[in-house]
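Some notes on the structure that comes next.
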C-alpha cells in the first residue's frame, strides 16, 4: 500500500452557510449537496473540501483523508498506532484511522 495523495479535507462547522460562503470567497465552488450528511465543496483538480455541520456542543475539527492504493493486508509497523483498522463505508470505500506522533488522527482511504 502506498499513499498517493490527499483525497479530501473534512472541515466541521457550526454554520454550514457561513463556512460555504467563506470557501466560495476563496475560489472554491459547491459541487455536491448531501443534505444532512454534509456538503462537498471542491476546487478544480486536486483535493476536495468536505463541509460537515456539527452540533453546537461539539468542537469542530479538521481531518485529512489520504488516498491509498490498497487496503488488503496492510498492517503498519510500530510506531504507528492503529485507532481503527480498515472498515467499509456506505460510500463504497474502506477507511483506516491511525494516530500521528502528536496524537492527531489521520485517515487512510482506499477506493
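Numbering (my numbering), first residue to last: 6 to 116. Quick reminder that beta carbons are idealized off the backbone N, C-alpha and C, glycines included. If you're wondering where the values come from, they're calculated on a predicted model, not measured in any experiment.
Given residue i as reference, the closest of the options once Cα atoms are compared
i, options, result
"residue 16", "73, 65, 111", "65"
"residue 62", "26, 33, 20", "20"
"residue 69", "8, 78, 14, 7", "14"
"residue 98", "40, 8, 30, 75", "75"
Counted within 10 angstroms of its Cβ, other Cβ atoms place residue i as buried (16 or more) or exposed
i, result
"residue 55", "buried"
"residue 95", "exposed"
"residue 113", "buried"
"residue 12", "buried"
"residue 43", "buried"
"residue 60", "exposed"
"residue 93", "exposed"
CB contact flag (residue i, residue j, <7 Å)
i, j, result
"residue 115", "residue 73", "yes"
"residue 45", "residue 58", "no"
"residue 79", "residue 8", "no"
Bridge partner(s) assigned by DSSP for residue i
i, result
"residue 13", "53, 70"
"residue 111", "103"
"residue 35", "46"
"residue 92", "100"
"residue 58", "18"
Taking 8 Å as the cut-off, does the region 102-116 touch the region 83-90 (at least 3 CB pairs, one atom from each stretch)? The count of Cβ pairs closer than 8 Å, one atom from the region 83-90 and one from the region 102-116, reaches three, so the stretches are in contact.
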